[in-house]
Each structure stands twice: as structure tokens, then as C-alpha cells.
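Participant:
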Amino acid sequence: MAERPSSKRAARPAGTAPAAPRAARPLALVYLLGWLVPGGGHLWLGRTVKGFVFLVMLPAMFVIGLALDGRLFPFTPGDPLVALASLANLGSGLPYFIARTLGFGAGRALAATYEFGNAFLITAGLLNALIIIDAHDIALGRK
Amino acid sequence: MNTTSHLLLMALFAGCVAVVGGVLLKDTPREQARTAAEIFGSLAGAALVLGWVLYFLPI
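The listed protein sequences correspond, in order, to chains A and B.
Here my numbering = 1-based position in the first sequence + 946.
Here my numbering = 1-based position in the second sequence + 21.
Structure, rendered in C-alpha cells:
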């Protein structure tokens, strides 16, 4: 059943708190926090439920990707597809740097799950980019 | 990870994307659940249909 426009506007999503004034949320910091910590931008902006869902789901996808023998691609400008995959991997933020530091993400191309692992790793980074864009809209008061 | 079931992994992938997509796109729990179900159904359904189409192609 469709809601009336007036009640839809007045209703606040469950688990969300009113965002602080925009001046207190520099956009650059929203982007940086949202990138480094998946869901961090939403948490900082008071969208706690969404933030926690992203905080759990994206690192989980990243870890599943690593467990499936996926690869964290190196940035190689000479190979455009690999370079794009590398940028997508980078979108995961801190999990990416932690995995790199600990030596994970070498990938095992002969593993039956290698492509699935790559799909999880790449998609986690790309979804985080979408989440940062959503945080941008929230910070600007569009949502 | 020990499992190599592509169907299970595909469902897991679709489930993860569906949850994030539903929460990202909608604001109320009911709408989020509905959107997540739609995304999951779309991804899993498309994968199954494409899988069967490719099965009959002589590649």
C-alpha cells in the first residue's frame, strides 16, 4: 500500500539518528572515512543501522574472496583490465591494505574458486564506492 | 574455503550483493527486505537462465 507523501517525509528510518549540521561533516572526511572503513561514512553521519550492515557485509565479502583464492591485482597501466580490477580492489579500503600487509591476496589461478574469489574481492570494492556516493548524498542532505 | 559448489557460491555472492543493495537503496526494513529479495532473485535467476543457454551453445 502506498504511503501518503506527507507521512513518508515525516518518517525517519528505523535505527537512524538525525545527522549533525552539514558544517560539522566535512565532505572530504566523509569520503575518506567511508573509503577506509566500509560503512564508516554512514556511521559518522548517524545512519547507524546502514553503517553496521556495510561494516559487516563488505569486509565479509572481502574475506570470502580471499578464502576462495581470489587475487588482489597489482596496478599495471599496461594491462587495462588488470588495472581496473586493481582500482576496484583498492575500493575496499583498510581491509585491502591489511591483506596486502599480511601477504594475502596472491591468488591461485588453478583453484576452482579463483574467479569467484575475484568476483567477491572486486565487487566488495565497487560496492564500497557506491556506499561512499550514498554517504555523499546523505552529507549533502539529499537523502 | 573447502566448498567448490559453484551454485552455492553463486547464491552466496547474490545474497551478499542483495543485502548491501537492499540496505543501500531503501530506508525502511520492509522495503530493504523486498529490494534485497528482488536483487537476489534477479541475480540468481539470470545466472541460472544464462547457464542453461550457454549449456546448449556449441562453444
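For each residue, glycine too, the CB sits at the ideal point set by N, CA and C.
#1: Among the candidates A:1030, A:1015 and A:1016, whose CA atom is the shortest distance from the CA of residue 1022 (chain A)?
#2: Give me the Cα-Cα distance between residue 967 (chain A) and residue 1005 (chain A), rounded to the nearest whole angstrom.
#3: Please identify the residue among B:80, B:47 and B:35 whose C-alpha is closest to the C-alpha of residue 1070 (chain A).
#4: Whose Cβ in chain B lies nearer than 9 Å to the Cβ of residue 1066 (chain A)?
#5: Classify residue 1057 (chain A) as helix, strand or coil using the three-state DSSP reduction.
#6: I need the DSSP call for residue 1017 (chain A), collapsed to helix, strand or coil.
#7: Give a yes or no on whether the minimum CB-CB distance between residue 974 (chain A) and chain B is below 8 Å.
#8: Quick check: residue 1003 (chain A) and residue 74 (chain B), are their CB atoms within less than 8 Å of each other?
#9: Going by C-alpha distance, which of A:997, A:1057 and A:1073 is nearest residue 1100 (chain A)?
#10: Let me make sure I understand the geometry here. Which of B:77, B:69 and B:78 has the alpha-carbon closest to that of residue 32 (chain B)?
#11: Starting from the beta carbon of residue 991 (chain A), find every residue of chain B whose beta carbon is closer than 7 Å, and list them in chain order.
#12: Could you tell me if residue 1084 (chain A) is buried or exposed, where buried requires 16 or more neighbouring beta carbons within 10 angstroms of its beta carbon?
#13: Measuring straight from C-alpha to C-alpha, what distance separates residue 1077 (chain A) and residue 984 (chain A)?
#14: Starting from the C-beta of residue 998 (chain A), find all residues in its chain whose C-beta is less than 8 Å away, skip the five residues before and the five after it, and write them out in chain order.
#15: Would you kindly work out how many angstroms separate the C-alpha atoms of residue 982 (chain A) and residue 44 (chain B), rounded to a whole number?
#16: If residue 987 (chain A) and residue 976 (chain A) are in contact, beta carbons under 8 Å, what's the gap, nearest whole angstrom?
#17: So if DSSP puts residue 1052 (chain A) in a beta bridge, which residue, or which two residues, is it bridged to?
#18: Write down the C-beta distance between residue 1015 (chain A) and residue 1054 (chain A) rounded to the nearest angstrom, noting that I regard them as a contact closer than 8 Å.
Facilitator: According to the structure shown:
#1: Stepping through the first sequence from its first residue, residue 1022 (chain A) is reached at position 76. The candidate whose alpha carbon is nearest that of residue 1022 (chain A) is A:1030.
#2: To locate residue 967 (chain A), count along the first sequence from 1; it is residue 21. To locate residue 1005 (chain A), count along the first sequence from 1; it is residue 59. With a pLDDT of 49 at residue 967 (chain A), under the threshold of 50, the modelled position of this residue cannot be trusted, and the question is left open.
#3: Here residue 1070 (chain A) corresponds to residue number 124 of the first sequence, with the count starting at 1. Checking every option, the nearest Cα to that of residue 1070 (chain A) belongs to B:35.
#4: For the purposes of this step, residue 1066 (chain A) is identified with residue 120 of the first sequence, where counting begins at 1. Per Cβ cutoff of 9 Å: 30, 33, 34 and 37.
#5: Residue 1057 (chain A) sits at position 111 when you count from the first residue of the first sequence. Reduced to three states, the DSSP call for residue 1057 (chain A) is coil.
#6: One-based indexing of the first sequence puts residue 1017 (chain A) at position 71. Of the three classes helix, strand and coil, the one that applies to residue 1017 (chain A) here is strand, per DSSP.
#7: Stepping through the first sequence from its first residue, residue 974 (chain A) is reached at position 28. It does not; no Cβ of chain B falls within 8 Å.
#8: Here residue 1003 (chain A) refers to the residue found at position 57 when the first sequence is read from its first residue. Here residue 74 (chain B) refers to the residue found at position 53 when the second sequence is read from its first residue. Result no, Cβ atoms of residue 1003 (chain A) and residue 74 (chain B) do not sit closer than 8 Å.
#9: Residue 1100 (chain A) lies beyond the stretch modelled for chain A, which goes from 947 to 1089, so this question has no answer here.
#10: Within the second sequence, numbered from 1, the residue matching residue 32 (chain B) stands at position 11. For the residues B:77, B:69 and B:78, the minimum Cα distance to residue 32 (chain B) belongs to B:69.
#11: Translated into the one-based positions of the first sequence, residue 991 (chain A) becomes position 45. The contacting residues do not exist; residue 991 (chain A) stays about 13 Å from chain B at best.
#12: In the first sequence, counting from the first residue as 1, residue 1084 (chain A) sits at position 138. Buried is the call here.
#13: The sequence position of residue 1077 (chain A) within the first sequence is 131, counting from 1. The sequence position of residue 984 (chain A) within the first sequence is 38, counting from 1. Going by the C-alpha atoms only, they are around 8 Å apart.
#14: Taking the first sequence and counting its residues from 1, one reaches residue 998 (chain A) at position 52. Contacts found: 985 and 989.
#15: In the first sequence, residue 982 (chain A) corresponds to position 36, counting from 1. In the second sequence, residue 44 (chain B) corresponds to position 23, counting from 1. So the two alpha carbons sit approximately 20 Å from each other.
#16: Here the question's residue 987 (chain A) lines up with position 41 in the first sequence. Here the question's residue 976 (chain A) lines up with position 30 in the first sequence. Indeed they touch by this definition, with Cβ atoms about 5 Å apart.
#17: Start at 1 with the first residue of the first sequence, and residue 1052 (chain A) comes out as number 106. For residue 1052 (chain A), which the question treats as bridged, DSSP gives the partners A:1017.
#18: Here the question's residue 1015 (chain A) lines up with position 69 in the first sequence. Here the question's residue 1054 (chain A) lines up with position 108 in the first sequence. Residue 1015 (chain A) to residue 1054 (chain A), Cβ: 4 Å. Contact.
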